[in-house]
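Numbering (numbering that gives the first Met the number 0), first residue to last: 0 to 71.
A virtual CB, placed ideally from N, CA and C, is assigned to each residue, including glycine.
Computed from a predicted structure; not experimentally measured.
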Amino acid sequence: MNTLSQFIKNRRKLLGLTKEDLSFKAGVGLRFIRDLEQGKQTLQMDKVNQVLALFGHELGPLPAERTNPEKH
0 MNTLSQFIKN
10 RRKLLGLTKE
20 DLSFKAGVGL
30 RFIRDLEQGK
40 QTLQMDKVNQ
50 VLALFGHELG
60 PLPAERTNPE
70 KH
């Protein structure tokens with residue numbers, strides 16, 4: 000499971016929300032929440048930000064992980 004999906008799932012559970020509750024509060028579909036928590040690779044960033052906003056967060060750039068630091 001990727002970091003984003005873990006974060007969403009952990010925060011949702013910490014707040015005692017069901018997936019249905021989270022989808023309603025964020026204004027996104029239940030299927031989107033399921034896909035997000037399962038780590039689906041292709042998600043709409045605006046919808047991800049709608050969910051993250053409930054937890055006081057937003058998407059942002061991070062340095063890419065490199066398997067070989069000598070290759071640029």
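R11 is classed as buried because its beta carbon has at least 16 other beta carbons within 10 Å across all chains shown. Taking all protein chains in view, the Cβ of E64 is surrounded by fewer than 16 other Cβ atoms within 10 Å, so the residue is classified as exposed. L58 and D34 have their C-alpha atoms spaced approximately 17 Å apart. When secondary structure is reduced to three states using DSSP, E64 falls in the coil class, being assigned neither helix nor strand.
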